[in-house]
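Asker:
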Amino acid sequence: MNPESAPPPPIPAVQTIGLTRTYGAMTALSALDLTVNRGDLFGFIGSNGAGKTTTLRILATFLAPSAGTAKVLGHDVVRDANAVRHVIGYMPDFFGVYKDMEVTEYLDFFGACYKIPTAQREKTVNDVLELVGLTEKKGALIGALSRGMQQRLGLARVLIHDPQVLLLDEPASGLDPRARIEMMAILQELQRLGKTIIISSHILSELQTLCNRVAIIEKGRLIYSGPVQGVRDQMSTGLVIWVRVATETERAIELLRERPEVTGVEVVEGRLKVTMASHDIDHSCVAEVIVRAGLKLLELQEDELGLEEVFLRVTRGETQ
Amino acid sequence: MTLLPIIGRELRSQARQPGTYAFRVAGVVVLLVAAEEFWARHGLGRSSGGDLFSHLHVAMFCSIWILVPLMSADCLSREKREGTLGLLFLTPLRAREIVLAKGLVHGLRALMLWLAVLPVLTLPSLVGGVSWREAAWSTMINFSCVCWALAAGLLGSALGKAWVRSMLFGCLASLLGVGAFMYCLGVVLVFFLARFGAFFRQSTINPWDYERMMAQGFFGATGVNHSWPSILALIRPAEQGNLLAVIAIMALFSALVLWLAILLAATLIRRGWREASLPAWWQQGEAALSTPVLGRDFLRRWQLRALERNPVGWLERRTWSGRLVTWAWLAAVLTITLFLLAADWPPLAFDWCGRWLLVLLLGNLAASAAGSFRRERESGLMELLLVTPLDEREIIRGRLKEVWSQFLPALVLLSIVWSWMAAVYHLPGIFSHLTSVLLSFVTLPVVGLYFSLRSRHFLAAWLLTLLVGAAIPEFGQMVGDWWPGILQYWPVTDNFRYFGTVLAGHLGWLLQLLLALWFWQRLLRDLRTRHFPMERGVA
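Respectively, the protein sequence lines represent chains A and B.
Heads up: the first sequence begins at 1 in the numbering used here, then just goes up one per residue.
Heads up: the second sequence begins at 1001 in the numbering used here, then just goes up one per residue.
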């Protein structure tokens, strides 16, 4: 195949190479290499002080890196900051609102900052308000909005100039479960519309279902970046199946230990914890063994290693 | 009373703020500049210590009435904004204790400031011509002023929640306070002189003779025009001690006023800490006064155009209260001018009023600039603005244009009227003074914006703006004025002497321009490198 005829690799939505940021003697980010593809809903995980906010601030052009490069849709965040600002929407981990302004005034103001023409601005404001479900609050003072609504208004502000990449720092923090679910639904809708979303959050159970890729960062260093399933596989010691039988638990243990796919069986709170040699094994063999032996199988459940467990294992709760 | 926890917290917090120490240094600098200015004008002869002392006392007097309310006007409102006042009320602390503790802390700050400037105040004694009675008089007046000014600040803080409102209420209360204090002092002095005065005993005195009481109070409080020795000379030496006793009673009365203000402020915060919405009549009144009735479409189009052209400036101008500054100044200038013309006052009085109005306008301009970026910095909005396509220059220019446009109409009107009066009555130095004013008008906001970005506290930002934008160039001009005298003793060519003299004659203006340029560069650099205190964590 002629290498010249091959199409160029697609430009990633975000790419950082050796990204480093120091504050005096403290290193907040240390040689971070990260790639986020277009259309990804990318979870950015790390304990407090791990460097997530610093990374997002650099990508948003608010901070300059001390070393390394960061590119958003091929634009360098330092040399081509203005181009980056047009393609990103940045939502920090605080509201950043003028509380004595009306909702539409606030969006109108940021629309003007993004140089959206007056004629177009009104429609854009209405559209983003509809998208985040705040149409009814158009004329309300921001100070009178609930926390969840202010957060949605922040998201509307981010969308006002129709950016392709969204950088969201803890968008669901402090929200009640309902508001969180609504926020996550909006993010899924945005992904469906083709936006690339980088979201840092502590609510890992939601990231687990929401994101297709995650990165784990600790002490400013990247520990993992890839698909959510990949991190589970990497971190877990083997596939775990939970089994409950009605009687003859000891016999069931013996039978299972005889199987070559099974590496360990132990009783935990009346249930059997069966550890398989690898994730690729078809675990129906466990049920087959028990049923063939004439034992009554009450429960069989695959243990999924949650992102929270992975996060705890990876970081061990260490912070800078 | 449980005061110590609050006092301890406040003192610890202030001890960590560099502004606390800078504030004392600024106080010393103000008095040193006042002393230097006196020296430059009058020289230091034998027994001129009395005049110098009076001069320094006036500087102290003005500083107390301006700085103490500003210093204390945000002490309660800040707690309201940050939601910590409610937490204090959930403890066994009572409102009175909270306000009293705050008042004590700020009283202590004022005392520390007074102690810091005390060495400068002893200079006149070294020169000679200051009696112990004058020193005691000055001390008691200063104490009284601190009580009244602190009362004004605490009341302003209890009334407002947003810092701008608290400052505004504090300044208004201070203005009323200075009038009330002078009136009370005037009444006391007039009655005392009528009873004990050696030369003019009066049997009937009308305490409502406002002009007389105010005039007496003004001279008694400030000591200008040798008024203290003159008043003392009116009394027999044996009864001069009684006069001081009366002034001491006035000081005690001032402490009582402070106590009453504390009680009132405590009542206000006890009623208002629960974040209740504004009463309906207030909301209706505000809506009635602030909602446009005529030309709504025009106003809307005008606002949209302003937003399109200068979004950063529009932020300041979008509310009626933001536009009020322009109209208030215009109205004040117009009213005072018409009053002076109608009253047919002498031209020099007009000249004097014009100068002071310009000084006040420039002071307000500096305050407006020094508080300009504060909200954006505190709420984190600066971070959002800096990631929009607006670049740093646009943000600075936008805000500068807005600050200038707020004060420009009043300045233009005042300059025109003043120039006309100067031309008609042949008042001297008008061109030079107008040039200084215009230069300050251009340069002060640049310096103010820099300090509004860098300084966490409004008062520190404002004082630094005045120091750098006005006091240092003024000092430079004084140095420049000495230059020709120094050149006489140097063997230099005539050309050098000529250019040196011309340059020295405009050293203040040159310095002002250079400083503004330098601060512009620093402002731009600090915004670009994000080198300013942010209220949020960084990593």
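Idealized CB from N, CA, C, for every residue including glycine.
1) Taking contact to mean 3 or more Cβ pairs, one atom from each stretch, closer than 8 Å, check whether the stretch 1124-1137 of chain B and the stretch 1072-1091 of chain B are in contact.
2) So that I know if they touch, is there some Cβ in chain B lying closer than 9 Å to that of A:E105?
3) Look at the Cβ atom of A:R251, then the Cβ atom of A:L187, and state whether they are nearer than 9 Å.
4) Report the rounded CA-to-CA distance for B:A1026 versus B:F1458, giving the unit in angstroms.
5) Express the C-alpha separation of B:G1107 and B:A1015 in angstroms, rounding to a whole number.
6) Determine the DSSP secondary structure at A:M276, reduced to helix, strand or coil.
7) Measuring CB atoms only, is the stretch 1375-1389 of chain B touching the stretch 1290-1302 of chain B, in the sense that at least three cross pairs come out at less than 8 Å?
8) For the alpha helix (DSSP H) holding A:D108, just list the boundary residues, first then last.
9) What does DSSP give as the partner residues of A:R244 in its beta bridges?
10) I want to verify the contact list: residues of chain B whose CB lies under 7 Å from the CB of A:T61, in sequence order.
11) Tell me whether the beta-carbon of B:W1483 lies closer than 9 Å to the beta-carbon of B:G1500.
12) Can you confirm whether A:F323, when its beta carbon is compared against all beta carbons of chain B, has any partner nearer than 9 Å?
13) Is B:P1279 close to chain A? Criterion is C-beta to C-beta, closer than 9 Å.
14) Keeping to the same chain, check which residues put their C-beta closer than 8 Å to that of B:Q1017; ignore five residues upstream and five downstream.
15) Can you give me the Cβ contacts of B:H1055 inside the same chain, cut-off strictly under 7 Å, excluding the 5 residues immediately before and after it?
16) Which residues in chain A sit within 9 Å of B:L1381, going by Cβ to Cβ distance?
17) Between the C-alpha atoms of B:W1520 and B:V1387, what's the straight-line distance to the nearest angstrom?
18) List the residues of chain A whose Cβ lies closer than 7 Å to the Cβ of B:E1308, in chain order.
19) Roughly how many angstroms separate the alpha carbons of B:F1431 and B:W1228, rounded to a whole number?
20) Could you confirm whether any beta carbon from chain A is found closer than 9 Å to the beta carbon of B:D1344?
21) I'd like the span of the alpha helix (DSSP H) that includes B:K1401, first residue to last.
22) Closest Cβ-Cβ distance between B:R1318 and chain A: below 9 Å?
23) Measuring only the C-alpha atoms, how far is A:A13 from A:T196?
24) Suppose the cutoff is 7 Å on Cβ atoms and the five residues either side in sequence are ignored; what does the same chain contact list for B:W1404 look like?
25) Give a yes or no on whether the minimum CB-CB distance between B:P1311 and chain A is below 9 Å.
26) Straight-line CA distance for B:T1335 to B:L1413?
27) What in chain B is Cβ-close to A:H86, meaning under 7 Å?
28) Output yes if chain B places a C-beta closer than 9 Å to the C-beta of A:N82; else output no.
29) Does any C-beta atom of chain B lie closer than 9 Å to the C-beta of A:K138?
30) Using the rule of at least 16 other Cβ atoms within 10 Å of the residue's Cβ for burial, across every protein chain shown, is B:T1091 buried or exposed?
31) Could you check which residue in B:T1326, B:V1325, B:G1354, B:W1327 has the C-alpha nearest to that of B:F1339?
32) DSSP on B:G1008, reduced to helix/strand/coil?
33) Determine, for B:D1526, whether the minimum Cβ-Cβ distance to residues of chain A falls below 9 Å.
34) Can you tell me which of the three DSSP states A:F94 falls into?
35) Give me, in chain order, the residues of the same chain whose beta-carbon lies closer than 6 Å to that of B:G1220; leave out the 5 immediate sequence neighbours on both sides.
36) Can you list the residues of chain B that A:D108 reaches, using a CB-CB cut of under 7 Å?
Answerer: Here's the rundown:
1) Result no; under three Cβ-Cβ pairs closer than 8 Å.
2) Chain B contact via Cβ: present.
3) Cβ distance not < 9 Å, so A:R251 and A:L187 don't count as in contact.
4) Each residue's alpha carbon lies about 15 Å from the other.
5) Each residue's alpha carbon lies about 15 Å from the other.
6) For A:M276, the secondary structure class from DSSP, reduced to helix, strand or coil, is strand.
7) Between the stretch 1375-1389 of chain B and the stretch 1290-1302 of chain B, the count of Cβ pairs shorter than 8 Å is below three; the stretches do not touch.
8) In the DSSP annotation of this structure, the continuous segment of the alpha helix (DSSP H) that includes A:D108 starts and ends at 103-113.
9) Partner(s): A:E299.
10) In chain order, V1387 make up the part of chain B whose C-beta sits under 7 Å from the C-beta of A:T61.
11) Yes, they are a contact pair.
12) In the structure as shown, chain A begins at 1 and stops at 320. Residue 323 of chain A is therefore absent and cannot be evaluated.
13) So no, B:P1279 is outside the interface.
14) So the qualifying residues of the chain are R1456, H1457.
15) So the list reads A1034, F1038, once near-sequence residues are dropped.
16) Here the neighbours are G96, V97, Y98.
17) Taking the Cα positions, B:W1520 is about 21 Å away from B:V1387.
18) Contact of B:E1308 with chain A by beta-carbon distance below 7 Å involves A112, T118.
19) Distance from the CA of B:F1431 to the CA of B:W1228, rounded to the nearest whole angstrom, comes to 37 Å.
20) Chain A contact via Cβ: absent.
21) From DSSP, the alpha helix (DSSP H) with B:K1401 extends over 1392-1425.
22) At least one beta carbon of chain A lies nearer than 9 Å to the beta carbon of B:R1318.
23) CA-CA distance, A:A13 to A:T196, rounds to 7 Å.
24) P1445.
25) The beta carbon of B:P1311 sits closer than 9 Å to some beta carbon of chain A.
26) In this structure, the alpha-carbon of B:T1335 lies about 12 Å from that of B:L1413.
27) Going along chain B in sequence order, the residues near A:H86 (Cβ under 7 Å) are P1389.
28) Yes, because at least one Cβ of chain B sits closer than 9 Å to the Cβ of A:N82.
29) A:K138 does not count as touching chain B.
30) By the 10 Å Cβ count, B:T1091 comes out exposed.
31) Measuring from the Cα of B:F1339, the nearest candidate turns out to be B:G1354.
32) Residue state, collapsed to three classes: helix.
33) With its beta carbon at least 9 Å from every one in chain A, B:D1526 lies outside the interface.
34) Note: A:F94 maps to coil in three-state DSSP.
35) Taking C-beta separations shorter than 6 Å and ignoring five residues to either side along the sequence, the partners of B:G1220 in its chain run L1185, L1189, following chain order.
36) Chain B residues near A:D108: L1307.
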